[in-house]
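> What follows is a single structure, and I will ask about it in a moment.
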Amino acid sequence: MLAWKRSRKILLCVTGGIAAYKIPDLVSRLRKLDCEVEIAMTEAAETLVSPLALSTLSNRRAWLQSDFLASSRGFEIPHIHLADWAEVVVVAPCSANTAFGVAQGRAGGIVEAALLATQAPVVLFPAMNVHMFENPATRRNLEILTQRGVRVVDPAFGLLACGYEGKGRLPDTDLILEEIAYALSPRRDLAGKHILVTAGPTREYLDPVRFISNPSSGKMGLAMARTAWYRGAEVRVILGPASPAGSAHGLEIHGVVSTLEMRDAVMENLEWADCIVKAAAVGDYRAEEKADHKIKRNTGGNDQERTFSLSLVQNPDIAAEVGARKRADQLLIGFAAETDDLVANARAKLERKGLDVMLANDVSAPSSGFGVDTNVVHMISRTGGEISISGSKEEVADAVWEELITGGLF
Ligand SMILES: Cc1cc2nc3c(=O)[nH]c(=O)nc-3n(C[C@H](O)[C@H](O)[C@H](O)COP(=O)(O)O)c2cc1C
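Heads up: the sequence shown is residues 6 to 415, going by my numbering.
Shown next, in the form of structure tokens:
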């Protein structure tokens, strides 16, 4: 977990959408990150989710509409106090009515007034009936807010409380947390950059049901992608058959299966990329011929005699091909999974494949390699630099970007 995601000050504005019932879970998750959460609610929200539940989970009072103009609160001016205190303001769910009010600059209640007063980034999660969401009036209000620098996050598609199916659901808590992290990210130093990441394993099918693969989870590649997104980059991930471990929100995912498919996808996106990160564990070999039908067991002779021979051919070396084809202004970063002579092997690969930076990890060590959440990498650059970075895969990924940027490599 990146340190800057923890212990932040979040003003959570809850408005009168039926999805308000999901907000206690969000508060609880934010508290587990040691965040301080102030809650402000509209009157409509109070009818849909209990202020008592929210204040219990946030371990603070919930600010209600009745606090807005209460004579006993005049000395605090609650909406200004909340607006100034917050590092980020989140409106979840945001009703069509509140979106309209904020777009118009209305300050009729504690939520609207705090939103008008705050200088902090605002992230808004509209959630409503699909026809309400698609109504040109709502679209216009959300557009106005976007133009004003508010981050408006599209609702999810699915079955809605009103019985319709369509776009209008409050996104999952994980996605909301990712958007909050994005808003709080301390740096946007990769803004305008296009980053192409390969991640996960590949599968080389022998027949329709069997394949050669490896235990790569895609975690390191996705961590590289996600941390680049936090820094403002546009990120495309060519992902082998692994379900994204951790969030893939904000990333453009292109799913592939085999090494040849991964190669084609990389080449299609090569022109677009300013930086290519090759973090996938690509299969070096594939079956010379893939059987159309399931390969049957051999029934003749005894078990010792029942051998099966498989002829393999080498796959193209994607990193080397990119290294040979890339423009001088494109940065190519590779990962080397090694089990021995880590640095020497990695440096030899860097030279042979034309990489700019190699991140070498010892996959035989318990704290680095396949599937685990931590990693230890030796970052070796073409210009001779070499450092060791360790931590969670997300921490390692972020430190790699930091090193590339501060070291003037990117
Ligand atoms: C049961 C119920 C559910 C509602 N759900 C939503 C909703 O999901 N999204 C929405 O924009 N409005 C919804 N509304 C309408 C809002 O509650 C209504 O427009 C209200 O005035 C919003 O006030 P507020 O923006 O101050 O919270 C719902 C109303 C009711 C009665």
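Backbone N, C-alpha and C fix where the C-beta goes; we use that ideal spot for every residue, glycine too. Fair warning: this is a prediction, and the values are worked out from it, not measured in the lab.
Which one of Arg236, Val261, Thr20 has the shortest CA to CA distance from threonine 207?
Threonine 207 has its Cα closest to that of Val261, out of Arg236, Val261, Thr20.
> So valine 158 packs on glutamate 184, CB below 8 Å; how close in whole Å?
Right, their Cβ atoms sit about 5 Å apart.
> Quick check on this structure: which residue in Thr143, Ser71, Pro191, Gly22 has the alpha carbon closest to the alpha carbon of cysteine 167?
It is Gly22 whose Cα lies nearest to the Cα of cysteine 167.
> Output the distance between the C-alpha atoms of valine 318 and alanine 292, rounded to the nearest integer angstrom.
Rounded to whole angstroms, valine 318 to alanine 292 spans 6 Å at the Cα level.
> Sort Gly390, Val95, Val405 by Cα distance to isoleucine 188 and report the nearest one.
Residue 188 is actually alanine in this sequence, not isoleucine. Residue Val95 is the option with its Cα nearest to alanine 188.
> Below 8 Å CB to CB, which residues in the same chain sit around alanine 247 once its five sequence neighbours on both sides are set aside?
Closer than 8 Å at the Cβ level, and outside the excluded window around alanine 247, lie Ala204, Gly205, Pro206, Ser221, Ser222, Gly223.
> Which residue wins for smallest C-alpha separation from asparagine 366, given the options Lys358, Phe73, Leu355, Val382?
Residue Val382 is the option with its Cα nearest to asparagine 366.
> Just to confirm before moving on: does the CB-CB distance between isoleucine 200 and valine 116 stay below 8 Å?
Result no, Cβ atoms of isoleucine 200 and valine 116 do not sit closer than 8 Å.
> Taking the continuous alpha helix (DSSP H) assigned at isoleucine 115, which residues delimit it?
Unbroken alpha helix (DSSP H) run through isoleucine 115: 115-122.
> Nearest by alpha-carbon distance to histidine 298: which of Pro213, Leu244, Asp361, Asp322 is it?
Selected option, being the one with the closest Cα: Pro213.
> Residues bridged to aspartate 212 by DSSP?
Arg215.
> Tell me whether lysine 27 is buried or exposed, calling it buried when 16 or more other Cβ atoms sit within 10 Å of its Cβ.
Per the 10 Å Cβ criterion, buried.
> So, helix, strand or coil for threonine 203, using DSSP?
It is a strand residue.
> Should phenylalanine 162 and glycine 171 be called a contact, given that it needs their Cβ atoms to be closer than 8 Å?
Going by C-beta atoms, phenylalanine 162 is nearer than 8 Å to glycine 171.
> Which ranges would you report for the beta strand (DSSP E) in the segment 265-329 if only whole runs of at least 3 residues count?
List check, beta strand (DSSP E) in window: 280-283, 290-292, 317-319.
> So what's threonine 379 in DSSP terms, helix, strand or just coil?
In this structure, threonine 379 counts as strand in the three-state DSSP scheme.
> Please say whether arginine 231 and leucine 256 have beta carbons closer to each other than 8 Å?
Contact: yes.
> For threonine 123, which of Ser316, Ala101, Leu17 has the nearest alpha-carbon?
When only C-alpha atoms are compared, the closest one is Leu17.
> Apart from the five residues just before and just after glutamate 391, which ones in its own chain have a Cβ nearer than 6 Å to its Cβ?
Hits under 6 Å: Ile385.
> Determine the direct distance from the alpha carbon of lysine 358 to that of alanine 342, and round the result to whole angstroms.
Spanning the two alpha carbons is a distance of roughly 15 Å.
> Taking Cβ positions, are valine 135 and glycine 173 nearer each other than 8 Å?
Yes, they are a contact pair.
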